[in-house]
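Below: the structure, in structure tokens.
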Amino acid sequence: MKIRVNSQKAFTLIELLVVIAIIAMLLSIVVPSLKKARQAAERTVCAAQLGQIGKAFEMYQMSTNYRRFPIRNNGSFEEQNLYWMGKIADYIGEGHYGQQYRLGETIDVLLCPATPVGRFEQDPLRANPSGQWGAADRPWEWRRNTEISTLGGYAINGWIGYDYLYEQDANFAPYFYKNWLRVSPNVPLFGDAIWTIGWPRGTNPVPRDLYGGETGEAISSLEDVNNHMARFCIMRHGRHVNLIYRDLHVDAIRLEDLWSQPWHANYQYPETEIQLPAR
Numbered sequence: 055m056k057i058r059v060n061s062q063k064a065f066t067l068i069e070l071l072v073v074i075a076i077i078a079m080l081l082s083i084v085v086p087s088l089k090k091a092r093q094a095a096e097r098t099v100c101a102a103q104l105g106q107i108g109k110a111f112e113m114y115q116m117s118t119n120y121r122r123f124p125i126r127n128n129g130s131f132e133e134q135n136l137y138w139m140g141k142i143a144d145y146i147g148e149g150h151y152g153q154q155y156r157l158g159e160t161i162d163v164l165l166c167p168a169t170p171v172g173r174f175e176q177d178p179l180r181a182n183p184s185g186q187w188g189a190a191d192r193p194w195e196w197r198r199n200t201e202i203s204t205l206g207g208y209a210i211n212g213w214i215g216y217d218y219l220y221e222q223d224a225n226f227a228p229y230f231y232k233n234w235l236r237v238s239p240n241v242p243l244f245g246d247a248i249w250t251i252g253w254p255r256g257t258n259p260v261p262r263d264l265y266g267g268e269t270g271e272a273i274s275s276l277e278d279v280n281n282h283m284a285r286f287c288i289m290r291h292g293r294h295v296n297l298i299y300r301d302l303h304v305d306a307i308r309l310e311d312l313w314s315q316p317w318h319a320n321y322q323y324p325e326t327e328i329q330l331p332a333r
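231 is the number that our numbering gives to position 177 of the sequence shown; each next residue is one higher, with no gaps.
Right under this line is the structure:
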């Protein structure tokens, strides 16, 4: 009787370790590449969405003969409920965005791909009187008078519009752009941010962190009128954020260069080099 011998050899421990090492090496090469590809895709989609928002803003301006954009004309229920998002919603791409805003449904164009709706969660530490601060990787919440909320990842440059709350405030009044047709092409309109609006200045200090407030103290400082650059200065796309400008071009801006943008009239550029925290 013949005995059949299995000629296949099992892996030795050394061979198995070599295979594992090769797999680990390949993963170390592939995973960062995949991460970079995902981040690049997010930046591209984000830029396209800001383009839609900017064009909607321009169409709204055309429809009103280029009067100053009314972020809030007064303290009425309707004005507080609409805000800037509700006023341009009907002009964003397809007509359903206006209906979605009125119903409090998710508006995908307002959400940067790096701040998806699935990352939103109620956080008492990040709450503010009008909703909840966002973060570098989380959307903000705008809570309206109807108790309906809107989520988003972009802010309007408050200096380009009219807001009755700040029009007569001595800290704000000298810096508004009051004639839309004279606004320079390189003035930012909207950008990646942790809140719905900001009034940044070249004299604003650097933020405590680039997340959008990692501590209670940093979050509290976001209310400070002299700290609005912190609302835009976040690690949303690496150390860059997307901005759309008056001429409707979109650019990925280094965080340090946020201070070099003419956000408002009579803009004062920083006199020293901007040194940001590591994260």
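Using N, Cα and C, we set each Cβ at its ideal position, and we do this for glycine too.
Which residues does DSSP pair with residue i in a beta bridge?
i: residue 203; result: 197
i: residue 182; result: 185
i: residue 217; result: 126
i: residue 251; result: 210
i: residue 291; result: 294
What are the boundary residues of the alpha helix (DSSP H) that residue i is part of?
i: residue 142; result: 131-142
i: residue 273; result: 270-274
i: residue 150; result: 150-157
So, for residue i: in the same chain, excluding its five sequence neighbours on each side, which residues have a beta-carbon less than 6 Å away from its beta-carbon?
i: residue 160; result: 171
i: residue 217; result: 125 and 126
i: residue 324; result: 256 and 313
i: residue 261; result: 284 and 287
i: residue 186; result: 180 and 195
Just to confirm the assignment, what range does the beta strand (DSSP E) spanning residue i have?
i: residue 245; result: 242-246
i: residue 308; result: 304-308
i: residue 126; result: 123-126
i: residue 208; result: 208-211
i: residue 330; result: Per DSSP, residue 330 belongs to no beta strand (DSSP E) and is neither H nor E.
i: residue 258; result: Counting along the chain, residue 258 falls outside any beta strand (DSSP E), and DSSP gives it neither H nor E.
i: residue 296; result: 294-299
My assumption, with CB atoms under 8 Å, is that residue i sits in contact with residue j. Please give the rounded CB distance.
i: residue 295; j: residue 245; result: 6 Å
i: residue 206; j: residue 139; result: 7 Å
i: residue 203; j: residue 158; result: 6 Å
i: residue 250; j: residue 137; result: 7 Å
Comparing the C-beta of residue i with each C-beta of chain B, is any distance below 7 Å?
i: residue 282; result: As a matter of chain content, chain B is missing from the structure shown, which is built from one protein chain.
Of the residues the options, which one's Cα is nearest the Cα of residue i?
i: residue 128; options: 164, 222 and 208; result: 222
i: residue 178; options: 270, 300 and 231; result: 270
i: residue 268; options: 190, 208 and 98; result: 190
i: residue 332; options: 326, 233 and 310; result: 310
Output needed for residue i: all residues of its chain with C-beta closer than 7 Å, excluding positions within five of it in sequence on either side, in chain order.
i: residue 55; result: Bear in mind that a pLDDT of 49 at residue 55, under 50, signals an unreliable position, so the number given afterwards is only what the model happens to contain. None.
i: residue 281; result: 258, 259 and 275
i: residue 316; result: 238, 240 and 241
Between residue i and the rest of its own chain, which residues show a CB-CB distance below 8 Å, the 5 nearest in sequence each way excluded?
i: residue 112; result: 302
i: residue 57; result: A caution first: residue 57 carries a pLDDT of 49, below 50, which makes its placement in the model unreliable, though a value can still be read off. Contacts found: none.
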